[in-house]
Amino acid sequence: MEKLKILVCFLAVFILIWSLFSNTVLEDRETLMMFVLLAVMSKYSKLEKIKKISFLQE
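So the mapping is simple: the working numbering equals the position in the sequence shown, first residue as 1, plus 228.
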């Protein structure tokens, strides 16, 4: 849960800094979708590692 808070804070700060240089942050859907895809892929890989570890322990 702590890692999730750190990730959310990092993304919030990144988008705030990005919005200083671009007034169309929310219109850049391709870039925002890239961040969402990155987060989902990261979460999925962690779940796969947990499943492998739990399978090996059984």
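Note that beta-carbon positions come from the ideal geometry of N, C-alpha and C, so glycine has one too.
DSSP-derived helix/strand/coil call for residue i
{"i": "SER250", "result": "coil"}
Nearest-angstrom beta carbon gap, residue j and residue i [assumed within contact, 8 angstroms]
{"i": "VAL236", "j": "TRP246", "result": "That belief does not hold up - the Cβ atoms of VAL236 and TRP246 are roughly 15 angstroms apart, past 8 angstroms."}
Minimum C-alpha distance to residue i - residue among the options
{"i": "LYS231", "options": "ILE281, LYS277 and LYS271", "result": "LYS271"}
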